[in-house]
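So the sequence lines, in the order shown, correspond to chains R and F. The numbering of the first sequence is this note's numbering, which starts it at 1 and goes up by one. The numbering of the second sequence is this note's numbering, which starts it at 1001 and goes up by one. Only one structure is covered here, and it is reproduced in the block below.
Protein chains: 2
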Amino acid sequence: MAAAILVVEDEPAIRELVVLNLQQAGHRPVVADSAEQALALMRDALPDLILLDWMLPGMSGVEFARRVKADAYTKQVPIIMLTARSDEQDKITGLETGADDYITKPFSPRELNARIKAVLRRLAPQVAGNPVEMAGLRLDPSTHRVAGNDRTIELGPTEFRLLHFFMTRPERVHSRAQVLDQVWGNHVFVEDRTVDVHIRRLRRALEASGHDVLIQTVRGSGYRFSARAED
Amino acid sequence: MAAAILVVEDEPAIRELVVLNLQQAGHRPVVADSAEQALALMRDALPDLILLDWMLPGMSGVEFARRVKADAYTKQVPIIMLTARSDEQDKITGLETGADDYITKPFSPRELNARIKAVLRRLAPQVAGNPVEMAGLRLDPSTHRVAGNDRTIELGPTEFRLLHFFMTRPERVHSRAQVLDQVWGNHVFVEDRTVDVHIRRLRRALEASGHDVLIQTVRGSGYRFSARAED
DNA sequence: CGTCAATGTGACGTATTGATGACAATAAAT
DNA sequence: ATTTATTGTCATCAATACGTCACATTGACG
């Protein structure tokens, strides 16, 4: 969820406040005190999101937003505008110009973070995932259901991800390290042997329909998910 | 093709004229003389279409349209705006704000009916007015009624929208974030946990007819509405 | 057959996550 | 002006998922 956020705001006090908040929330703020400077910064590196003050000296926020949205290269970067309270017309103009959301000043840190999160979430690709089926075992990510021979199987979150990982990469041996990277995430610190335990839990859950045999141990290497007979 | 049509118009003369026309054409007109009243009416029952005068005392037609289109629950209701002749700028603003068509005053009954028919035809499949039924639980958006095994169930506005959201997307798991985006709307900022509380309230209301079991918790992912057995 | 390393398995303390009731703020109704 | 509904948040409780360990079992190899 950490993101590079370009803050375009001419008032130093508000700017610092916002920057501090963003850092607190784990983001990487980049500041510009004018629209011109912001455009220059964006030529070097595109931010994940722009926080834009609507009232700026020189080029106005409206004009800046228009340019960002007019350029094919920068067009997809979401913009949240900061407007004075009650300036209803600004909000309308802003949203029409292409801003993705707005915050009225003064705003709380909580509101700021909530809106940033919401905008980033909305624009994140919907990783839907298609149902997978193999030897009578079916897993559907969108409904979060697993069935063996049409009988529902209950799995905990980790076992579910583990099974999904195996079913989408069958017939291949995965080391414990690889499984940890893919299923747990490549930045967690967990013992290799923990994988064994979750394999055990998954096998036990699959026993009811006899699908536990699909998870094969490859001694010295790791595990393999396969519909073919063992070894 | 009979439809419930909300007429938002402050001038009594025009209002009566339009209402008569609509009745003649077999529609069911509901009137509001201000944007505020219109919003209140829409909380009770969604119309199939809104006929909106652009010049209103109090909240303007633009602002009203913007609100309707900003709320996930009402956003798909089509809007036809009524503008004074030659007010070209209004048309542009109106269409940008989300109006689906416009008619310039004065207009003939024939023109009015033709446009209504056209808009309804174009948007018919998406209109939210269709009742939904599942496992003896019935929800009718146009009358704002819910019944479990033919016994009326009382729901607050939020619980109603929540249930409607679930019933129109059964089986699929929805994260709290997705539910917030779809049921609460885009610019509201509320905690993820608030969803839990409303799920609780909805479940309690459905307990009387035993339909509370249709709302399933998918630990680590969100909630699912399903007539099939739990997990 | 015995040894050692790799894997299986049950148990346990802790951390997460969801359920629930209470509460205050706000809006609506009277 | 009061009362009533509705809503969002929080504190607390309960459920269960998680990671690690200790010990059992297995398999390869001399």
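Glycine included, every Cβ here is placed at the ideal spot set by N, Cα and C. Predicted model, so just to flag it, every value in this text is computed and none were measured.
*asked:* Looking at the strands, I want to know which residues DSSP matches up with V218/R.
replied: Residue pairing of V218/R in beta bridges, as defined by DSSP: G222/R.
*At which residue ranges does the segment 1150-1205 of chain F contain complete alpha helix (DSSP H) runs of 4 or more residues, listed in the order of the chain?*
Correct list: 1157-1168, 1176-1179.
*Determine the contact status of V1195/F and V1179/F, defining contact as a CB-CB distance below 7 Å.*
Result yes, Cβ atoms of V1195/F and V1179/F sit closer than 7 Å.
*Between which two residues does the beta strand (DSSP E) carrying L1049/F extend?*
Counting along the chain, the beta strand (DSSP E) containing L1049/F begins and ends at 1049-1053.
*What number of angstroms, rounded off, separates the C-alpha of I199/R from the C-alpha of M1167/F?*
Taking C-alpha positions only, I199/R is separated from M1167/F by approximately 36 Å.
*Using the C-alpha atoms, what's the distance from A177/R back to N186/R?*
Distance from the CA of N186/R to the CA of A177/R, rounded to the nearest whole angstrom, comes to 9 Å.
*R224/R and V188/R: beta carbons closer than 7 Å?*
The beta carbons of R224/R and V188/R sit no closer together than 7 Å.
_Just to confirm my understanding: we take V1068/F, look at its own chain, exclude 5 residues before and 5 after, and list those with CB closer than 6 Å. What are they?_
Within the same chain, Cβ atoms closer than 6 Å to the Cβ of V1068/F are found at T1074, the five residues on either side in sequence being excluded.
*Can you say whether G1148/F is buried or exposed, counting buried as having 16 or more other CB atoms within 10 angstroms of its CB?*
Burial call: buried.
*Return the chain-ordered list of same chain residues with a C-beta closer than 7 Å to the C-beta of M134/R, the five sequence neighbours on each side being excluded.*
Sequence-distant partners of M134/R (beyond 5 residues in either direction) whose C-beta falls short of 7 Å from its own C-beta, in its chain, are M167, P170, A227.
*How about H1164/F: is its C-beta nearer than 7 Å to some C-beta of chain R?*
By this cut-off, H1164/F is not an interface position.
*Hey, how far is the Cα of D1150/F from the Cα of I14/R?*
Their backbone Cα atoms lie some 57 Å apart in a straight line.
*What does S142/R reach in chain F if we use C-beta pairs closer than 9 Å?*
Going along chain F in sequence order, the residues near S142/R (Cβ under 9 Å) are E1171, R1172, V1173.
_For G129/R and L39/R, what's the separation of their Cα atoms in angstroms?_
Answer to the nearest angstrom: the Cα atoms are 37 Å apart.
*In chain F, which residues lie less than 8 Å from D157/R when you measure between Cβ atoms?*
Position check: residue 157/R holds Pro in this sequence, whereas Asp was assumed. Within chain F, the residues placing a beta-carbon under 8 Å from that of P157/R are R1219, G1220, S1221, ordered along the chain.
*Helix or strand or just coil, what does DSSP make of V77/R?*
Reduced to three states, the DSSP call for V77/R is coil.
*In chain R, what lies closer than 8 Å to F1189/F by C-beta?*
Result: R110, E111, A114, R115, A118.
*Distance, Cα to Cα, L1049/F vs G98/R?*
Rounded to the nearest angstrom, the two C-alpha atoms are 26 Å apart.
*Between the Cα of P1157/F and the Cα atoms of R1122/F, L1020/F, R1193/F, A1205/F, which residue gives the shortest distance?*
When each option's Cα is compared against that of P1157/F, the closest is A1205/F.
*asked:* Quick check on DSSP: helix, strand or coil for R1138/F?
replied: Three-state DSSP puts R1138/F in a strand.
*Does the Cβ of A1118/F have 16 or more other Cβ atoms within 10 Å, making it buried, or fewer, making it exposed?*
Under the 10 Å beta carbon count, A1118/F is surrounded by fewer than 16 other beta carbons and is classified as exposed.
_alpha helix (DSSP H) segment containing G61/R, residue limits_ = Here the alpha helix (DSSP H) through G61/R covers 61-70.
*asked:* Please tell me whether R201/R has its Cβ less than 7 Å away from any Cβ of chain F.
replied: Using a Cβ-Cβ cut-off of 7 Å, R201/R does not count as an interface residue toward chain F, since no Cβ of chain F sits closer than that to its own.
*Separation of R28/R from L22/R, as counted between CA atoms*: Cα to Cα, L22/R sits roughly 7 Å from R28/R.
_Contact set between D101/R and chain F, taken where Cβ atoms lie within less than 9 Å_ = Neighbours of D101/R on chain F, chain order: N1186, H1187.
*asked:* Comparing C-alpha positions only, which one of F165/R, G220/R, L137/R sits nearest to T152/R?
replied: Of the candidates F165/R, G220/R, L137/R, the one whose C-alpha sits nearest the C-alpha of T152/R is L137/R.
*State the start and end residues of the unbroken alpha helix (DSSP H) segment that holds A25/R.*
Segment: none, A25/R is in no alpha helix (DSSP H) and carries neither H nor E.
*DSSP three-state assignment for L1112/F, whether helix, strand or coil*: Correct three-state label for L1112/F: helix.
*Alpha carbon to alpha carbon, what distance is there between L163/R and V120/R?*
The question names Val, yet the displayed sequence has Leu at residue 120/R. Rounded to the nearest angstrom, the two C-alpha atoms are 29 Å apart.
*Whole angstroms is fine: what's the gap from E1011/F's alpha carbon to D1033/F's?*
Per the coordinates, the alpha-carbon of E1011/F lies some 8 Å from the alpha-carbon of D1033/F.
*Pick from D100/R, L139/R, V183/R: whose alpha carbon is nearest that of G211/R?*
This sequence places His at residue 211/R; Gly is not what is there. Distances from the CA of H211/R to each of D100/R, L139/R, V183/R were compared; the closest alpha carbon is that of L139/R.
*R151/R versus chain F: which residues are under 7 Å apart at the beta carbon?*
Those do not exist, as R151/R stays about 10 Å from chain F at its closest Cβ, beyond 7 Å.
*asked:* Let's see if you can read the secondary structure: which residues bound the alpha helix (DSSP H) around R43/R?
replied: It spans 35-44 - the alpha helix (DSSP H) in which R43/R sits, taken as one unbroken run.
*Based on the DSSP output, what are the partners of V7/R in its beta bridges?*
V7/R pairs with V31/R, L51/R.
*Rounded to a whole number of angstroms, what is the C-alpha to C-alpha distance between P109/R and L52/R?*
Each residue's Cα considered, the two are about 16 Å apart.
_Distance cutoff 7 Å, beta carbons only. Does R66/R sit that close to anything in chain F?_
Cβ-Cβ to chain F under 7 Å: no for R66/R.
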